[in-house]
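For the record, the sequence lines run as chains Z and D. Residues 558 to 668 in my numbering are what the first sequence spells out, letter by letter. Residues 206 to 318 in my numbering are what the second sequence spells out, letter by letter. Glycine included, each C-beta is placed from N, C-alpha and C at the ideal position. Everything below concerns the one structure shown next.
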Amino acid sequence: DAKTTQPNSMESNEEEPVHLPCNHSTISGTDYIHWYRQLPSQGPEYVIHGLTSNVNNRMASLAIAEDRKSSTLILHRATLRDAAVYYCILRLTGGGNKLTFGTGTQLKVEL
Amino acid sequence: KAGVTQTPRYLIKTRGQQVTLSCSPISGHRSVSWYQQTPGQGLQFLFEYFSETQRNKGNFPGRFSGRQFSNSRSEMNVSTLELGDSALYLCASSRLGGEDTQYFGPGTRLTVL
């Protein structure tokens, strides 16, 4: 599986936007970029995914670089509830159900 | 719609014992995957079951096994427990597997003494 690199931790203030970066320089043309997050004492939760174009949903936006070697998860207005570990995962089309998690980014949100 | 449920939520065993964990997927979901989460190794894929058949397997010893029933419920078994098996075991379900979004349960916290 192609590898992703994320910062170990980031901090944000409540009500401010948060940009969580992910580098995936070895991404292949058929790899989808998925983001999951894990809140304390819970299982991971799907956030968003995309292939080439930027994507938006009710939780977040995903901005994908033109060369697809990096992407950014955008939380438009961070709340205390968004404090979690965020995982950027590459999924190969036809690669089955397996998710390969990295170490993720621990997001801290302060008042 | 009820989410993924896992039982028990907490479990304490001693070395050499065996343990069975249970997972009930979201209604209508046919794929169930299992993951192990430890502070040292992070989240690692164990295996996936679809329609009662193991479809994908991670890199774990044969002491780790699983099965899926006709109602899509799944069990995971670990035999001859070792201290290093202490972990959070997570179950995830998806409608058909493949690229479908996975929905995770809260996990079973296993402690091996």
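Bounding residues of the beta strand (DSSP E) (the contiguous stretch that carries residue i)
| i | result |
| --- | --- |
| Q211/D | T210 to T212 |
| R594/Z | D588 to Q595 |
| E257/D | E257/D -> no beta strand (DSSP E), and no H or E assigned at all. |
| I577/Z | Sequence check: residue 577/Z is Leu here, not Ile. It spans V575 to N580 - the beta strand (DSSP E) in which L577/Z sits, taken as one unbroken run. |
| Q242/D | S236 to T243 |
| K218/D | Y215 to K218 |
Under 8 Å between C-beta atoms of residue i and residue j
| i | j | result |
| --- | --- | --- |
| E280/D | S227/D | yes |
| G600/Z | G247/D | no |
| K655/Z | F265/D | no |
| R300/D | R235/D | yes |
| G661/Z | Q563/Z | yes |
| E571/Z | T657/Z | no |
Where residue i meets chain D, residues with beta-carbon distance less than 8 Å
| i | result |
| --- | --- |
| T587/Z | In chain order: nothing, as chain D lies at least about 11 Å away. |
Chain-order list of residues whose beta-carbon lies under 7 Å from that of residue i (same chain, five-residue window excluded)
| i | result |
| --- | --- |
| A641/Z | R594, Q595, L596 and L664 |
| T306/D | S299 |
| Q273/D | V237, Y254, E257 and S279 |
Sequence-distant residues of its chain with Cβ nearer than 8 Å to residue i (five each side left out)
| i | result |
| --- | --- |
| L312/D | Inspection of the sequence shows that residue 312/D is occupied by Gly rather than by Leu. Cβ within range, chain order: Q211, R214, Q242, L293, Y294, L295 and C296. |
| H633/Z | P574, A617 and S618 |
Contact list for residue i against chain Z, beta-carbon separation under 7 Å
| i | result |
| --- | --- |
| P311/D | Q599 and G600 |
| N261/D | G653, N654 and K655 |
| L226/D | Within 7 Å Cβ-Cβ: nothing; L226/D doesn't reach chain Z, min ~13 Å. |
Contact set for residue i: own chain, Cβ-Cβ below 6 Å, skip 5 residues either direction
| i | result |
| --- | --- |
| T225/D | E280 and N282 |
| N261/D | E253 |
| Y603/Z | Y593 |
Interface residues of chain Z facing residue i [CB-CB closer than 9 Å]
| i | result |
| --- | --- |
| Q307/D | Y593, P601, Y603, N654 and L656 |
| S299/D | N654 |
| S238/D | N654, K655 and L656 |
| F250/D | N654, K655, L656, T657 and F658 |
| L286/D | In chain order: nothing, as chain Z lies at least about 22 Å away. |
Residues that residue i contacts on chain D, provided the C-beta gap is smaller than 7 Å
| i | result |
| --- | --- |
| N648/Z | At residue 648/Z the sequence reads Arg, which differs from the Asn that was named. Result: E304. |
| T555/Z | Any question about residue 555/Z goes unanswered here, given that chain Z covers just 558 to 668. |
Chain-ordered chain Z contacts of residue i [CB-CB under 8 Å]
| i | result |
| --- | --- |
| E253/D | G653, N654 and K655 |
| F269/D | Result: empty, since nearest Cβ-Cβ is about 15 Å, beyond 8 Å. |
| L315/D | Correct list: empty, because the minimum Cβ distance to chain Z is about 15 Å. |
Could you tell me which whole alpha helix (DSSP H) segments of length 4 or greater appear in the stretch 616 to 666 of chain Z? The alpha helix (DSSP H) runs of length 4 or more contained entirely in the stretch 616 to 666 of chain Z do not exist; there are none.
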